[in-house]
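Chains as they are written, first to last, in my numbering: chain A, 33 to 145; chain B, 1469 to 1581.
No residue lacks a Cβ here, since even glycine has one placed at the ideal position from N, Cα and C.
Note that the structure is predicted; figures quoted are calculated from it, not measured.
Written out below as structure tokens is the structure these notes cover.
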Amino acid sequence: KAGVTQTPRYLIKTRGQQVTLSCSPISGHRSVSWYQQTPGQGLQFLFEYFSETQRNKGNFPGRFSGRQFSNSRSEMNVSTLELGDSALYLCASSFLGANYGYTFGSGTRLTVV
Amino acid sequence: DQQVKQNSPSLSVQEGRISILNCDYTNSMFDYFLWYKKYPAEGPTFLISISSIKDKNEDGRFTVFLNKSAKHLSLHIVPSQPGDSAVYFCAASAYDSNYQLIWGAGTKLIIKP
Chain A
33 KAGVTQTPRY LIKTRGQQVT LSCSPISGHR SVSWYQQTPG QGLQFLFEYF
83 SETQRNKGNF PGRFSGRQFS NSRSEMNVST LELGDSALYL CASSFLGANY
133 GYTFGSGTRL TVV
Chain B
1469 DQQVKQNSPS LSVQEGRISI LNCDYTNSMF DYFLWYKKYP AEGPTFLISI
1519 SSIKDKNEDG RFTVFLNKSA KHLSLHIVPS QPGDSAVYFC AASAYDSNYQ
1569 LIWGAGTKLI IKP
């Protein structure tokens, strides 16, 4: 079966712009979570969506938002980009939630210049 | 406040020997622990997990040990193989935080031939 698909793989944006990242989970998975990974840091949790509802939220500013559609596909949006937002953004899906083992996508590498 | 700590940024082990990766945590409410492996340019891959009601869980070459009194867990890989060279992340979750995963910063494991 197809894995978790994230698009685009690479993105370069200018400070102040906004960006939308997309994630298609494994078919049948209802939980989608987003993480930010920066060099030397572990994965920082952004938010989790389950059946179109935000179930969990990390400690990121309101510039970071997300949504999930009825087909479980999810998007993450970052507005007013800052240089510090440059990171690898990972999406993970699971049938029920984190404790049941995520399947991660390969990530979107965002560079803000 | 880092609730999950992987104090060794890297570890080098001879092929065929045992690799031991360590993880410490501070939150006594954590009741589920997971290990993930990550290759460059790929998302993390779920390896093995353990519930707080157990002190050991085995899956093939991988064994996770949990010492609740010391708030410490470790991942043992026996025997170590070249393909095990990757970054290993420890993660923990708690019921009272809706099972949001808290991640360590990762340990880079290098298996020497």
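Residue B/PRO1547 holds the alpha-carbon nearest to the alpha-carbon of B/ILE1486 among B/PRO1547, B/GLN1470, B/GLY1511 and B/SER1553. For B/TYR1567, same chain residues with a beta-carbon under 6 Å away, outside a window of 5 residues either side, are SER1561 in chain order.
Taking a C-beta cut-off of 9 Å against chain A, the contacting residues of the segment 1540-1568 of chain B are PHE1557, CYS1558, ALA1559, SER1561, SER1565, ASN1566, TYR1567 and GLN1568, listed in chain order.
The shortest C-alpha to C-alpha distance from B/ASP1552 to any of B/ILE1579, B/GLN1471 and B/ALA1509 is the one to B/ILE1579. Between A/VAL36 and A/PHE136, the gap from beta carbon to beta carbon is short of 9 Å. Counting C-beta atoms within 10 angstroms of its own C-beta, A/SER56 has 16 or more neighbours from the protein chains shown and is therefore classed as buried. Residues of chain B whose Cβ lies closer than 8 Å to the Cβ of A/ASN131 are, in chain order, TYR1500, LEU1502, SER1517, SER1561 and TYR1567. Following the DSSP letters along the chain, one finds A/ARG99 inside the beta strand (DSSP E) bounded by residues 96-100. When DSSP states are grouped into helix, strand and coil, B/SER1548 belongs to the coil group. Residue state for A/ALA130 is assigned as helix, using DSSP reduced to three classes. Secondary-structure assignment with DSSP links B/LEU1543 through a beta bridge to B/LEU1489 and B/VAL1532. Excluding its 5 nearest sequence neighbours in each direction, A/SER102 has C-beta neighbours in its own chain below 7 Å: GLU84, listed in chain order. Residues of chain B with a Cβ closer than 7 Å to the Cβ of A/GLY74 are, in chain order, PHE1557, TRP1571, GLY1572, ALA1573 and GLY1574.
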